[in-house]
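See structure below.
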């Protein structure tokens, strides 16, 4: 209910998910009457794999995360993560307030054993295979141990969810040499070096989009800036290039020749193609989608959530942490 | 002498600068014999506004900044900043080791009164006018007071060097609201809010390229990542778009129609067009250029250095800090 475009694209995405994936069942969370009316409008009733769970409250985008979640026990995210806790759902997908979604997940499900700070991961397109970047905003001030935990979580996620064998893990810094970076990064380097992860060392900003690293680790302040600067720059470059192409070809020729290429490019870099951002480190599965997600983005996020529950990323994370403790 | 392409483009850039700008005189720093031979090759001798100063040592890119500068008193950057100190030069331009150049500047010239951490600024292209971003790598761990000082320095630089009236200063963070950001950014917000700068509040990653802010403030860790991720992403997007355009138009048509537009785009975003990165907060003028700078980039950096010395950015910074202290 909390997305920027209302419940429409979310319901459409859910309908698409159950229609296209026979193994997926979706519980729609929100005010029951409203959801039933929306489903009826789409000619849908009590479908076998599409049902409604009453959750009358919504956390809006401008509320404080912790406060709103504590106050609104009947909000979609609190009710949804409770279903996950009770084993009545395998995963929750939300296009609402990401901070509140993370808070609700921690309150209802708790953290995985050995994880002090759950993080949010995001899949970025690159010149080769997509890269998983974490944290993209949950933890602004991080200690070295947190960065190490992000790496363990993201490596398991990359391996199982994105099918990478021995994911190459890089630590985002300002030089490739071990001594480069801020205080937290320098110490995290040593922790990662000593771990059993496939740690390839520091990576620089320019390596994120090269496709030569599978997992990029940073604190949530840096990660969020990386995410948003990329969105802003991609938009700016497209505008600048379009302007130049129109100048050299003329507007109508440019439109005819170039529009399909720009459309294909946008599809290639569109977050909607990659589903949502997995929450890592909570004792269950949660996926956060962009507030402006389309039905396709929601459908892909639901599919991704199902896969993440099935491939048991959390069990792999816990196993890895236990083994490293045993070795240490 | 310390650039990645040897002395060739630096000498060519210097020759262009004196030939195109009658008000500019250039002293070339390096091994005298080598420089004289290079000049002779270009048919240049003892020109009025082009001379050679003997500096036999070079700091190479892989040396430790502080150590190399302390050891090599006769290196180009140490000799050059000494000339600035003695009043025999108004500014130094270097395409060598940026850390060593900054260290040499601080050793020879000292910091401006009221500045505890000099920073490096960089001019980024945007959809409108270019934006000045600092720090892009000199200071990885910053206190709020340092960020405030960066803002004072960059605001004066934007006003005088880039001709912006009342530059809009933004603090790079992960949300527009005052409470967003890491610990240092939250405190810096209050300092900037209380200052006489035209502080427009937090800006997000996506605002950097919009052109709606003139100065963006961040620590050197974040700034360096922003710089390098932008370079990497711009390159990746161009490659992806070219691939799509070739797919839709065919390679030869694409090449014919689109190459001029991509060339124009690259010219628009090329750092060479913007000169180099000004050192802010040292008691003199220094400009750092990309190690791979072309002759045009060097020429523009020399022009920029001359303008920066002429418009007295340092005097403006000192004046601003004194006034704020008086007011506080």
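Chains as they are written, first to last, in the numbering used here: chain A, 1 to 328; chain B, 1 to 328. In this text, a Cβ means the ideal position worked out from N, Cα and C, and glycines have one as well.
Can you name the residues of chain B whose CB is closer than 9 Å to the CB of residue i?
i, result
"residue 151 (chain A)", "The premise fails here: residue 151 (chain A) is roughly 17 Å from chain B at the closest Cβ pair, so nothing lies under 9 Å."
Could you tell me which chain A residues have their CB closer than 9 Å to the CB of residue i, listed as they occur along the chain?
i, result
"residue 231 (chain B)", "205 and 206"
What residues from chain A crowd round residue i, counting only those whose CB sits closer than 7 Å?
i, result
"residue 222 (chain B)", "222 and 225"
"residue 237 (chain B)", "234 and 237"
Can you give the beta carbon distance from residue i to residue j, rounded, assuming they're within the 8 Å contact cut?
i, j, result
"residue 219 (chain A)", "residue 140 (chain A)", "7 Å"
"residue 206 (chain B)", "residue 228 (chain A)", "5 Å"
"residue 209 (chain A)", "residue 126 (chain A)", "5 Å"
"residue 293 (chain A)", "residue 30 (chain A)", "About 16 Å separates the two Cβ atoms, so there is no contact after all."
"residue 78 (chain A)", "residue 84 (chain A)", "With a Cβ gap of about 11 Å, residue 78 (chain A) and residue 84 (chain A) do not count as contacting."
"residue 153 (chain B)", "residue 317 (chain B)", "5 Å"
"residue 301 (chain A)", "residue 66 (chain A)", "So it is not a contact: roughly 24 Å between Cβ atoms."
"residue 297 (chain A)", "residue 13 (chain A)", "7 Å"
"residue 213 (chain B)", "residue 226 (chain B)", "Residue 213 (chain B) to residue 226 (chain B), Cβ: 13 Å. No contact."
"residue 332 (chain A)", "residue 143 (chain A)", "This structure leaves residue 332 (chain A) out entirely; chain A is present only between 1 and 328."
"residue 49 (chain A)", "residue 18 (chain A)", "4 Å"
"residue 264 (chain B)", "residue 233 (chain A)", "About 18 Å; that fails the 8 Å criterion."
"residue 215 (chain B)", "residue 158 (chain B)", "5 Å"
"residue 11 (chain A)", "residue 39 (chain A)", "7 Å"
If the cut is a Cβ gap below 8 Å, which residues of chain B does residue i touch?
i, result
"residue 355 (chain A)", "No information on residue 355 (chain A) is available, as it lies outside the stretch 1 to 328 that chain A covers here."
Between residue i and chain E, is there a C-beta pair that is closer than 9 Å?
i, result
"residue 311 (chain A)", "Looking at the structure shown, chain E is missing, and the protein chains on hand are A and B."
Could you tell me whether any Cβ in chain A is nearer than 9 Å to the Cβ of residue i?
i, result
"residue 234 (chain B)", "yes"
"residue 210 (chain B)", "yes"
"residue 240 (chain B)", "yes"
"residue 219 (chain B)", "yes"
"residue 303 (chain B)", "no"
Looking only at its own chain, which residues have a Cβ that is under 7 Å from the Cβ of residue i, when we skip the five neighbours before and after it?
i, result
"residue 258 (chain A)", "245"
"residue 331 (chain A)", "The structure shown does not extend to residue 331 (chain A), since chain A spans only 1 to 328, so no value can be given for it."
"residue 106 (chain B)", "118 and 282"
"residue 320 (chain A)", "152 and 156"
"residue 239 (chain B)", "none"
Measure from the C-beta of residue i to each C-beta in chain B and report whether the shortest distance is under 9 Å.
i, result
"residue 127 (chain A)", "yes"
"residue 137 (chain A)", "yes"
"residue 228 (chain A)", "yes"
List, in chain order, every chain A residue whose beta-carbon is nearer than 8 Å to that of residue i.
i, result
"residue 201 (chain B)", "The contacting residues do not exist; residue 201 (chain B) stays about 15 Å from chain A at best."
At 7 Å on the CB atoms, spell out the chain B contacts of residue i, in chain order.
i, result
"residue 183 (chain A)", "141"
Going by beta carbon distance, what residues of the same chain come within less than 6 Å of residue i, once the five residues before and after it are set aside?
i, result
"residue 90 (chain B)", "309"
"residue 149 (chain A)", "115"
"residue 108 (chain A)", "81, 82 and 85"
"residue 136 (chain B)", "120, 122, 223, 224 and 227"
"residue 221 (chain A)", "140"
"residue 51 (chain B)", "27"
"residue 274 (chain A)", "123"
"residue 53 (chain A)", "27 and 29"
"residue 147 (chain A)", "188 and 217"
"residue 138 (chain A)", "102, 119, 120 and 220"
I'd like the list of long-range same chain contacts for residue i, defined as Cβ closer than 8 Å, with 5 residues on each side in sequence excluded.
i, result
"residue 242 (chain B)", "254, 258 and 262"
"residue 311 (chain B)", "160 and 161"
Practice task
Note down, in chain order, all residues in the stretch 243 to 257 of chain B with a beta-carbon under 9 Å from any beta-carbon belonging to chain A.
Solution key: 243, 244, 245, 246, 247, 248, 249, 253, 254 and 257
Handout entry: Contact set between the stretch 96 to 121 of chain A and chain B, restricted to residues whose Cβ is under 8 Å from the partner
Key = none
Practice task
Could you list the residues in the stretch 163 to 180 of chain B with a C-beta less than 7 Å from some C-beta on chain A, going in chain order?
Solution key: 172 and 174
Problem - Contact list for the stretch 258 to 271 of chain A against chain B, Cβ threshold 8 Å - result: 258, 260, 261, 262, 264, 265, 268 and 269
Exercise for the section: Could you run through the stretch 58 to 72 of chain A and flag, in chain order, every residue whose CB is less than 8 Å away from some CB of chain B? Expected result: none
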